[in-house]
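Chains as they are written, first to last, in the working numbering: chain S, 178 to 400; chain L, 53 to 205.
Take a look at the structure below.
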């Protein structure tokens with residue numbers, strides 16, 4: 178290799194490439210309805226597609242799922258028909274109100290919070306903070322770890338990639354979508370900014386524009 | 053098994069993570085459904101990457117001009133390595149930026165060949181299959197791209 182080629186190889190190691198998502202659940206869901214139709218071809222490339230083959234062995238019927246995305250601990254599904262869910266206020270079922278220090282102990286991570294916040298809510302390992310914008314509530318939810326919540330989007334809900342400083346995020350807007358946390362009934366949700374900061378997933382929901390949501394998110398992570 | 057390289061290939065072609073994830077997903081699904089046409093004994097990875105790269109190209113065309121590649125922030129870890137590679141330690145920050153700017157200015161065909169060969173570490177044969185061109189084309193595009201980069205630098 179020439180010095181320039183060595184330099185290009187070195188450069189490749191320092192490019193900012195987003196981490197590869199786990200594609201197996203989404204691919205599995207999309208292939209599931211076809212399972213059993215092609216037992217012969219399964220043997221052709223079994224070694225190369227071992228992950229997919231293993232995934233296919235898990236029974237799961239999701240014929241309506243068109244796309245899967247993952248961001249931090251959130252799974253986002255694009256479906257052809259949005260399931261029904263209730264419209265409920267953001268402020269419903271927040272959980273106990275505790276000090277920030279107690280929340281950090283209960284949730285086992287130090288939440289990123291606006292400076293003036295001294296009390297938060299904790300609910301199933303997540304830290305919830307009630308903010309306000311345009312006189313209406315804005316919910317900040319933070320949690321750490323693996324897949325925790327799910328969003329289901331119909332065709333009229335937009336999703337786009339955003340940056341929150343150096344963090345990656347997704348802006349979900351347009352038609353209301355379905356939001357689900359563990360052991361809670363699903364509800365409909367409005368505009369949402371999702372992003373990850375280290376191993377913490379953060380979610381802002383409320384009557385915000387994309388620019389407002391990103392600005393608020395930046396003010397939170399830069400505290 | 054091939055998720056990482058499939059996603060990175062899609063990202064370098066499509067230019068953003070959301071399109072890359074979709075392209076990689078679609079690529080795996082199409083590969084699965086096209087397994088009957090896969091030539092037994094042929095290397096699987098380039099065949100898969102060709103499908104993924106096609107998906108990514110389709111998305112990039114519909115999305116317009118892609119954003120340029122960017123360097124990781126200086127204080128970020130590099131691929132989890134405890135120490136920089138010998139090559140990396142030879143590259144000053146200024147050089148990195150100049151080279152990357154020059155790569156981003158390359159015509160799309162040349163940039164993709166450089167990305168596959170040097171950033172993803174694909175062989176000439178793998179690059180050819182992934183980009184849907186002949187090995188000879190990869191060689192000539194690579195040579196021309198390197199000439200352009202030398203001129204620019």
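Each residue gets a CB set at the ideal place from its N, CA and C atoms; glycine is no exception.
Computed from a predicted structure; not experimentally measured.
Contacting residues, own chain, Cβ-Cβ under 8 Å from residue 277 of chain S (five flanking each side not counted): 288, 290, 294, 295, 296, 297
Rounded straight-line distance, which links the Cα of residue 381 of chain S to that of residue 316 of chain S: 6 Å
Taking only beta-carbon positions, decide if residue 56 of chain L is within less than 7 Å of chain S. yes
How about residue 237 of chain S: is its C-beta nearer than 7 Å to some C-beta of chain L? At residue 237 of chain S, the pLDDT of 34 sits below 50, so the modelled position is not reliable and the matter cannot be decided from this model.
Taking 6 Å as the cut-off, is the CB of residue 273 of chain S close to at least one heavy atom of the ligand MN? Absent from the structure shown: the ligand MN. Ligands present: none.
Those runs of the alpha helix (DSSP H) which lie wholly inside the region 258 to 314 of chain S and span at least 4 residues: 277 to 284
My assumption, with CB atoms under 8 Å, is that residue 304 of chain S sits in contact with residue 280 of chain S. Please give the rounded CB distance. 5 Å
How about residue 326 of chain S and residue 358 of chain S: do their beta carbons lie closer than 7 Å? yes
Check distances from the C-beta atoms of the region 58 to 76 of chain L to those of chain S and list, in chain order, the residues that come in under 9 Å. 58, 59, 60, 63, 64, 68, 69, 70, 71, 72, 73, 74, 76
So what does DSSP say about residue 319 of chain S, is it helix, strand or coil? strand
Which one of S:182, S:373, S:383 has the shortest CA to CA distance from residue 313 of chain S? S:383
Let me know the secondary structure DSSP gives residue 364 of chain S once reduced to three states. strand
Got a sec: is the Cβ-Cβ distance from residue 81 of chain L to anything in chain S below 7 Å? yes
Taking CB distances under 7 Å as the criterion, tell me whether residue 198 of chain S reaches chain L. yes
Report the residue ranges of all alpha helix (DSSP H) runs contained in full by the region 147 to 184 of chain L; include only those spanning at least 4 residues, in chain order. 160 to 166, 176 to 183
Do you know how far the Cα of residue 256 of chain S is from the Cα of residue 161 of chain L? 35 Å
Residues from the region 145 to 163 of chain L in contact with chain S, defined by Cβ distance under 9 Å: 147, 148, 151, 152, 155
DSSP beta-bridge partners for residue 399 of chain S? Bridge partners of residue 399 of chain S: none, in fact.
To the nearest angstrom, how far is the alpha carbon of residue 168 of chain L from that of residue 98 of chain L? 11 Å
Work out the CA separation of residue 204 of chain L and residue 345 of chain S for me, nearest whole Å. 32 Å
Under 9 Å by beta carbon: chain L residues contacting residue 189 of chain S: 167, 170, 171, 172, 173
Exposure of residue 79 of chain L, with buried meaning 16 or more beta-carbon neighbours within 10 Å: buried
Exposed or buried, residue 60 of chain L, counting other C-beta atoms within 10 Å across all chains shown (16 or more means buried)? buried
Beta bridge counterpart(s) of residue 325 of chain S as assigned by DSSP: Per DSSP, none; premise fails for residue 325 of chain S.
Residue 391 of chain S: contacting residues in chain L (beta-carbon distance under 8 Å): The contacting residues do not exist; residue 391 of chain S stays about 16 Å from chain L at best.
Do residue 154 of chain L and residue 183 of chain L have their C-beta atoms closer together than 7 Å? no
Tell me which residues share the same chain as residue 188 of chain S and place their Cβ nearer than 6 Å to its Cβ, disregarding the 5 neighbours each side in the sequence. none
To the nearest angstrom, report how far apart residue 261 of chain S and residue 96 of chain L are at their CA atoms. 42 Å
Classify residue 202 of chain S: buried if its beta carbon has 16 or more other beta carbons within 10 angstroms, exposed otherwise. buried
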